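Residues are numbered in the working numbering as their position in the sequence shown, beginning at 1, plus a constant of 48. C-beta atoms are modelled at their ideal positions from N, C-alpha and C, and glycine is treated no differently. Keep in mind the model is a prediction, meaning the values are calculated, not measured. Step one of this worksheet: look at the structure below.
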Amino acid sequence: MGAARWDSWCISVQQFFERNLPGYLNRLKKIFDSLPLSGVGMTRARSLEITKIGPSLAFLKSLIKDIASDDYLNSLPLTNENKQSYKILERKAFIVHGHNEATKERTARFLEKLGFTPIILHEQASGGKTIIEKLEHFTDVGFGIVLYTPDDFGEAAANKDQLRARARQNVVFEHGLLIGKLGRDKVFPLVTDHNVELPGDISGMVYLSDNSWEFQLAKEIKNLGYKVDLNVLVG
């Protein structure tokens, strides 16, 4: 299959999934957006076959088996009536933060620049709700960003007198809540710098001290299947 035929096939398949199986769109887009291989003796056709065509066929064969056994994401098709609500779901993001107001505002402006609405839990009307209840209230948010800023100092019992900068404990707690609600792949730790102590079992950190942090985080968000224009971050 040539590149032109592949592109045409991708468009047709994606349109079918949008209408009938929207719950699988993100997984499909990850395959379509994968980078082609390159190397000595690697033709473009062979690269396309290895990185995109093969994984696509394997995914579709697996999905056919799931459908045959009635074990699949039975999401409603995206009709004209509910397309708008699906788009709203795609453009909201939680921000969990500590005491650093400047970092919170910087992150919120970053999201707005990309076309997302930041949902800052501590700024939402409580109505007597706890943080857990607030999380449950917002059902149309697609991912979250957790800000690890050096608001506290702590030490291990075995290493007394060795205080290290770390985020407030409520931030770590709410990070876990977000993972439980959204899934680990949809929660991004944004860390002030490499000196902040982090929980031992988190991954995928982006560091504000790195010059390219905006592009790194935008690419992580894009990998979830969102439409993200990286050009807005230039200048």
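- The secondary-structure analysis by DSSP pairs T165 across a beta bridge with K140.
- CA-CA distance, N74 to F158, rounds to 23 angstroms.
- An exposed status is given to V280, since fewer than 16 other beta-carbon atoms sit within 10 Å of its beta-carbon.
- Scanning F164, G202, D249 for the CA closest to the CA of I269 turns up F164.
- Cβ-Cβ distances below 8 angstroms link Q264 to V254, D258 in the same chain, with the five nearest sequence neighbours on each side left out; the list follows chain order.
- Burial state of V282 is exposed, judged by a 10 Å Cβ sphere holding fewer than 16 other Cβ atoms.
- F65 and K77 have their C-alpha atoms roughly 11 angstroms apart.
- Segment contact: the segment 208-215 against the segment 225-236, fewer than three CB-CB distances shorter than 8 angstroms; contact not assigned.
- P247 and E184 have their C-alpha atoms spaced approximately 24 angstroms apart.
- Under DSSP, A213 takes part in a beta bridge, and its partners are F201.
- Distance from the Cα of G231 is smallest, within the candidate group Q63, L272, L111, for L272.
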